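Q: Just so you know, we're using my numbering here: the sequence shown kicks off at 1 and counts up by one. Below is one structure. I have some questions about it.
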Amino acid sequence: QNRLPEAKARLGQSLGVAPNNASAHNNLGNVCSMLGERDAAIGHYRRATELNPREAHPYFLIGTLLSQQEKFGEAIASFQQAIALQPANPDALAQLGLALARLGRRDDALRALQTALQQRPGDAQIKTWLEAVQAVPQK
Numbered sequence: 001q002n003r004l005p006e007a008k009a010r011l012g013q014s015l016g017v018a019p020n021n022a023s024a025h026n027n028l029g030n031v032c033s034m035l036g037e038r039d040a041a042i043g044h045y046r047r048a049t050e051l052n053p054r055e056a057h058p059y060f061l062i063g064t065l066l067s068q069q070e071k072f073g074e075a076i077a078s079f080q081q082a083i084a085l086q087p088a089n090p091d092a093l094a095q096l097g098l099a100l101a102r103l104g105r106r107d108d109a110l111r112a113l114q115t116a117l118q119q120r121p122g123d124a125q126i127k128t129w130l131e132a133v134q135a136v137p138q139k
């Protein structure tokens, strides 16, 4: 962790030379995220998606950070974009399910979590999340 500020500085320098490098924005987003700089990380991930809109992972990372900020509506949109680009993405599907559950969208959450578990059978964490959402009474 003590080398993260140095890594951030170097990536910033590299973006000064090549500001349209999607990979550098993604990497700087990772460093900012590790430093707890969520808004800066989201900004770099968003720039990475502008430069390389067909790459699913930055959308997933944006959704994850937005979920941590309890911005579930925005997170859902990011997870859905990640899944549209990479349908076989159990991590994005599981996180989508959790965000949907947090907004009270139980049936949608169950569908997302069930699909995630189908894609990664035997995943104990996804199974636990699915069971937790199933235990919520229907409205």
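The beta-carbon is built from N, C-alpha and C at its ideal position, and this holds for glycine as well. All values derive from a computational prediction rather than experimental measurement.
Taking the C-alpha atoms as reference points, what is the distance between residue 120 and residue 90?
A: In the sequence shown, counting from the first residue as 1, residue 120 sits at position 120. In the sequence shown, counting from the first residue as 1, residue 90 sits at position 90. Using only the alpha carbons, I get a separation of about 6 Å.
Q: Alpha carbon to alpha carbon, how far is residue 104 from residue 112?
A: If you number the sequence shown from 1, residue 104 lands on position 104. If you number the sequence shown from 1, residue 112 lands on position 112. Roughly 14 Å between the two C-alpha positions.
Q: Could you work out which residue in 122, 21 and 130 is closest to residue 109 when comparing CA atoms only?
A: Sequence index remark: in the sequence shown, residue 109 carries index 109 (1-based). The shortest Cα separation from residue 109 among 122, 21 and 130 belongs to 130.
Q: To which residues of the same chain is residue 74 closer than 6 Å at the C-beta, ignoring the five residues directly before and after it?
A: Locating residue 74 in the sequence shown gives position 74, counting from the first residue. Residues 66 of the same chain have their beta carbon placed closer than 6 Å to that of residue 74, with the five preceding and five following residues left out of the count.
Q: Quick test of your reading: residue 58 and residue 26, contact by CB under 8 Å. State the CB separation rounded to the nearest angstrom.
A: The sequence position of residue 58 within the sequence shown is 58, counting from 1. The sequence position of residue 26 within the sequence shown is 26, counting from 1. About 6 Å separates the two Cβ atoms, so the contact holds.
Q: So, residue 80 versus residue 56, is the Cβ gap smaller than 8 Å?
A: In the sequence shown, the residue the question calls residue 80 occupies position 80. In the sequence shown, the residue the question calls residue 56 occupies position 56. It is not a contact, given that the beta carbons lie outside the stated cut-off.
Q: Rounding to the nearest angstrom, what Cα-Cα distance links residue 82 and residue 45 in this structure?
A: Residue 82 sits at position 82 when you count from the first residue of the sequence shown. Residue 45 sits at position 45 when you count from the first residue of the sequence shown. Whole-angstrom Cα-Cα distance: 12 Å.
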